[in-house]
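>
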Amino acid sequence: MTDRSGDFPIVDASGCIRPGRREDLDDVVRIHTRELVSRLTDLGPRIVKRFYANVLERGIGRLSVGLDEGRVAGFVFSAERVDVLFKNALLAGPADAVRFVFDSRKRALPAFLATSLRWKTEKSALDVPELVYLAVDRDRRQTGLGGRLIGAAEKYFQDLGAEFYELSVIEKNPAVVFYRKRGFTVTQRLILGSTAVLRMRRRF
Ligand SMILES: CC(C)(COP(=O)(O)OP(=O)(O)OC[C@H]1O[C@@H](n2cnc3c(N)ncnc32)[C@H](O)[C@@H]1OP(=O)(O)O)[C@@H](O)C(=O)NCCC(=O)NCCS
0 MTDRSGDFPI VDASGCIRPG RREDLDDVVR IHTRELVSRL TDLGPRIVKR
50 FYANVLERGI GRLSVGLDEG RVAGFVFSAE RVDVLFKNAL LAGPADAVRF
100 VFDSRKRALP AFLATSLRWK TEKSALDVPE LVYLAVDRDR RQTGLGGRLI
150 GAAEKYFQDL GAEFYELSVI EKNPAVVFYR KRGFTVTQRL ILGSTAVLRM
200 RRRF
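Under numbering that gives the first Met the number 0, the first residue of the sequence shown is numbered 0, with each subsequent residue one higher.
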């Protein structure tokens, strides 16, 4: 079965995972800002929405959404190369730069820029496929949706011909256990400010 609105097949046999669409943006932004601790979240919902809108418009990476009783209850966003992701999605030219500053929470901008710079200098692998964001509504967890969304991301990575992919997760996030159980191993531990962040990798 192929979803006509996207260019890849529905991954899950039950049909509950499908490509993200423009009309999913409000749900994706709501789930992202509520469930994910990230430097993008800190910039505020307007920039989060712009990020996903541009991702869809510009064909960057792959956004998949998970449905529960017909409603978007979770999503996963993956990218081929995370080092150019934010530039391509939010800062591709002067017009982007103006909108970026206009849409962002001004007080969060210095921390965003400092963290981006530290990532660039400290992260061991930059040009690798990455599972960038994964989140499920807190009242819809523990039903297998997170695992199925990882399956959708892995289909994308395998389509790219990748032998492995990586992600970043805050060390104290319970999701670390979730990832370990799914075959991820830690490749690097970074300290960003007062936060310990793990780089995790899964090989196919
Ligand atoms: C991490 C996260 C995406 C997992 O989502 P989820 O939908 O709860 O994931 P699943 O249901 O597939 O798996 C969670 C647990 O439920 C169990 N489970 C799966 N299907 C189940 C079912 N039908 N009935 C009961 N339990 C089930 C799984 O065994 C799993 O347990 P385990 O971790 O001990 O193996 C979710 O907790 C989340 O959004 N967290 C906040 C955001 C976040 O931290 N994201 C990661 C940032 S890197």
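From the three backbone atoms N, C-alpha and C, an ideal C-beta is built for every residue, glycine too.
Just to check, is the beta-carbon of GLN141 closer than 7 Å to a non-hydrogen atom of ligand 1?
Because some heavy atom of ligand 1 lies under 7 Å away, the Cβ of GLN141 counts as near it: yes.
> Tell me SER167's beta-bridge partners as DSSP assigns them.
In DSSP, SER167 forms a bridge with ARG198.
> Apart from the five residues just before and just after TYR178, which ones in its own chain have a Cβ nearer than 6 Å to its Cβ?
Once the five neighbours on either side are set aside, the close Cβ partners of TYR178 are MET199.
> Can you tell which of ARG181, ASP102 and ALA195 has its C-alpha closest to the C-alpha of LEU42?
Checked all of ARG181, ASP102 and ALA195; the closest Cα to LEU42 is ASP102.
> By the three-class DSSP mapping on this structure, what secondary structure does VAL36 have?
Three-state result, VAL36: coil.
> If you follow the beta strand (DSSP E) that VAL81 is in, where does it begin and where does it stop?
VAL81 -> no beta strand (DSSP E), and no H or E assigned at all.
> Identify which residue in ILE16, THR114, ARG106 and HIS31 has its Cα closest to the Cα of PHE50.
Measuring from the Cα of PHE50, the nearest candidate turns out to be HIS31.
> With DSSP collapsed to three states, give me the class of ALA134.
It is a strand residue.
> Can you name, in chain order, every residue of its own chain whose Cβ lies under 8 Å from the Cβ of ARG181, other than the five neighbours on each side?
Excluding sequence neighbours, ARG181 sits near GLY146, ILE149 and ARG201.
> Roughly how many angstroms separate the alpha carbons of SER37 and ASN172, rounded to a whole number?
Roughly 12 Å between the two C-alpha positions.
> Give every residue of the same chain whose Cβ lies closer than 6 Å to the Cβ of GLU34, excluding the five residues on either side of it in the sequence, and list them in chain order.
Contacts found: ALA134.
> To which residues of the same chain is GLY5 closer than 6 Å at the C-beta, ignoring the five residues directly before and after it?
The predicted model places GLY5 with a pLDDT of 47, which falls under 50 and marks its position as unreliable; any figure quoted below should be read in that light. Result list for GLY5: PRO18, in chain order.
> Taking only the alpha-carbon atoms, compute the straight-line gap between ALA152 and VAL100 and give it to the nearest angstrom.
Spanning the two alpha carbons is a distance of roughly 30 Å.
> Just confirm the distance between the C-beta atoms of VAL131 and VAL81, as a whole number of angstroms; I'd bet it's less than 8 Å.
Yes, they are in contact, since the Cβ atoms of VAL131 and VAL81 sit about 6 Å apart, within 8 Å.
> Taking the alpha carbon of VAL83 as the reference point, which residue from ALA107, PRO128 and LEU108 has its own alpha carbon closest?
Considering only alpha carbons, the answer is PRO128.
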